[in-house]
Amino acid sequence: MQHPVHESTIAAQTAAILPQVISWRHDLHRIPEPGQAEEKTARYVSACLESLGITHSTGIAGHGICGIIDTGRPGPTVLLRADMDALPVTELADVPFRSAHDGFMHACGHDCHMAMLLGAAGILRHLADEPHSGMCGAVKLIFQPAEEYPGGAKPMIEAGVMQNPAVDYCLGAHVWPTLPEGTVSACSGPVMAAMDRFDITIRGRGGHAAKPHHCVDALETATQVVSAMQRIISRKVDPLKPALLTVGQFNAGTAFNVIPGEAFISGTLRTFDADIRKQWEPLLRQVTQGVCSSMGATADILFSPGYPAVVNNATVTDIVRQAAAHTDGVICPDRHEQSMGGEDMAYFLQRAPGCFFFIGSGFEGCAPAHNAHFQVHDHILAHGIEIFCRATLRLLLDKPAATA
1 MQHPVHESTI AAQTAAILPQ VISWRHDLHR IPEPGQAEEK TARYVSACLE
51 SLGITHSTGI AGHGICGIID TGRPGPTVLL RADMDALPVT ELADVPFRSA
101 HDGFMHACGH DCHMAMLLGA AGILRHLADE PHSGMCGAVK LIFQPAEEYP
151 GGAKPMIEAG VMQNPAVDYC LGAHVWPTLP EGTVSACSGP VMAAMDRFDI
201 TIRGRGGHAA KPHHCVDALE TATQVVSAMQ RIISRKVDPL KPALLTVGQF
251 NAGTAFNVIP GEAFISGTLR TFDADIRKQW EPLLRQVTQG VCSSMGATAD
301 ILFSPGYPAV VNNATVTDIV RQAAAHTDGV ICPDRHEQSM GGEDMAYFLQ
351 RAPGCFFFIG SGFEGCAPAH NAHFQVHDHI LAHGIEIFCR ATLRLLLDKP
401 AATA
């Protein structure tokens, strides 16, 4: 078990650092930047780490940052990760720290993630210097660019952030507006879905709306393709395994009296199951080409594999749940939240056992994530700070053997 001195220490140190964390969060919220353009954000985070006395490297895979807290004592290495990028959303939330960058907003809580990680870093840095703390090993602090798109985790891993020292465990968190404040969801196994993309261009032969018999109607063909695609889910996938196909774009036609010669379809396929994921591309091609052949049309199909599923390790997840149980004002219910959304935290968890958990940020009337009115109340930042610290200390003090 964790040394009991840390239970009260973490709570007290979180309360002490929380005003600074809130200030960091507000500053970061004002300067949202899209993926691969997080220049101001990275400079700000680097300055915060410098003020905490934490050694760090910048410019990793773009604007990524890797900090290190080394106790100087042998032990495992725990990686803590926060994402940095914002969304192309014009903020409408009525807060005094509104976005100062027109057309961009932290509408998914990444400002909160960075601030919570900075707060945890400050506390862990202090404990690492205490000779009688019992803390051993090292903590890596990853501030990752481009989570929303095109993905910054994999490039950072390829740049070596999980080596020197090698990472033994990974932790990450996301504020979650569908969970009420004071609730934390941490479940073992798949927690977020694998996400793949398809782009299909259907080509027929356009012509006059009065003479369809002289044409190959690309729009009509595309509607049949969309309908047939949904039968992949209902007839080709085990109904006991969650799977989702969503068409998000459908473009065809330029005039009311012209049969289109070309149509464009784009969408996403999502599942927790690796075997189902392997079937997506061949089934999509089979269905699309079959419909097009029957209509006399052709199709160009681009299938783009996206993030893998986020899969939590059972042992590390149990440690996160223990950490949540010792955090005042937090409950961790037996019923856990899963999401068909995608997250490139998955790549870190493929390489070391860990847990990606959800911190409830929902309140009455709150807007969903990616919405222009999205808000997070500052006090929940304490929950993330405490759980990061408590779970990290358990991993560094107990040194458990993680199992899948």
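If you use UniProt numbering, the sequence shown corresponds to residues 1 to 404, in order.
Positions of the beta carbon are idealized from the N, C-alpha and C atoms, including for glycine.
* To do: Could you spell out where the beta strand (DSSP E) holding K241 opens and where it closes?
  => Note, K241: premise wrong, no beta strand (DSSP E); not H, not E.
* Asked: Where residue 424 and G53 are concerned, what is the direct C-alpha to C-alpha distance, given to the nearest angstrom?
  -> Absent from the model: residue 424. The displayed extent of the chain is 1 to 404, so no value can be given.
* **Same chain, Cβ closer than 8 Å to H336, five either side skipped, listed in chain order** => Shown here for H336: same chain residues with a beta carbon closer than 8 Å to its own, the five before and five after excluded, namely S185, A186, C187 and V191 in chain order.
* Element boundaries [alpha helix (DSSP H), containing L80] -> No alpha helix (DSSP H) holds L80; the beta strand (DSSP E) holding it covers T77 to D83.
* To do: Return the CA-CA distance between R285 and A218, expressed in angstroms with no decimal places.
  => Computed Cα separation, rounded: 17 Å.
* Asked: Is it the case that the Cβ atoms of S99 and P32 are separated by a distance below 9 Å?
  -> yes
* Spatial neighbours of R125 in its chain, beta-carbon cut-off 7 Å, leaving aside the 5 residues before and after -> L52, G53, I54 and I69
* Between the C-alpha atoms of A210 and D300, what's the straight-line distance to the nearest angstrom? -> 28 Å
* Per DSSP, what kind of secondary structure is L179 in: helix, strand or coil? -> strand
* Asked: How about residue 412 and H208: are their beta carbons less than 9 Å apart?
  -> Residue 412 lies beyond the stretch modelled for the chain, which goes from 1 to 404, so this question has no answer here.
* To do: On a CA-only basis, which of E91, F303 and G119 is nearest M195? Give me that one, please.
  => F303
* Asked: How should A222 be labelled, buried or exposed, when 16 other C-beta atoms within 10 angstroms of its C-beta is the threshold for buried?
  -> buried
* To do: Assign R205 to one of three DSSP states: helix, strand, or coil.
  => strand
* **Spatial distance of R205 from T271 (CA atoms)** => Taking the straight line joining both Cα atoms gives about 36 Å.
* Asked: Counting pairs of beta carbons, one from the segment 224-233 and one from the segment 368-385, are three or more of them closer than 8 Å?
  -> By the Cβ test, the segment 224-233 is not in contact with the segment 368-385, since fewer than three Cβ pairs between them sit closer than 8 Å.
* Reduced DSSP secondary structure (H/G/I, E/B, other) of Y169 -> strand
* Nearest to M105 by alpha carbon, out of G122, D27, I157 and T77? -> D27
* Any heavy atom of the ligand ADP closer than 8 Å to the CB of A16? -> Within the structure as shown, the ligand ADP is missing, as the structure has no ligands at all.
* **CA-to-CA distance, L240 to I259, given in whole angstroms** => 41 Å
* Apply the 10 Å Cβ neighbour rule to A401 and answer buried if 16 or more other Cβ atoms are within range, or exposed otherwise. => Residue placement at A401 is poorly supported in this model, since its pLDDT is 45, which falls under 50; the coordinates still yield a value, given next. A401 comes out exposed.
* Asked: Mind checking D102: buried by the 16 CB within 10 Å criterion, or exposed?
  -> exposed
* Mapping DSSP to helix, strand and coil, what is D275? -> helix
* Contiguous beta strand (DSSP E) assignments of at least 3 residues, all confined to the segment 332-377 -> 354-362
* Asked: Nearest-angstrom Cα distance between A325 and S293?
  -> Computed Cα separation, rounded: 59 Å.
* Asked: Pick from L18, I331, G137 and L118: whose alpha carbon is nearest that of G72?
  -> G137
* To do: Run the CB neighbour count on Y149, radius 10 Å, all protein chains shown included, and call it buried at 16 or more, exposed below.
  => exposed
* To do: List the DSSP bridge partners of D70.
  => A138
* **Neighbour flag for A369 against chain D, beta carbons, 9 Å** => Absent from the structure: chain D. Only one protein chain is present.
* With DSSP collapsed to three states, give me the class of Q249. => DSSP places Q249 in strand when its eight states are reduced to three.
* State the beta-bridge partners of T288 as determined by DSSP. => Bridge partners of T288: none, in fact.
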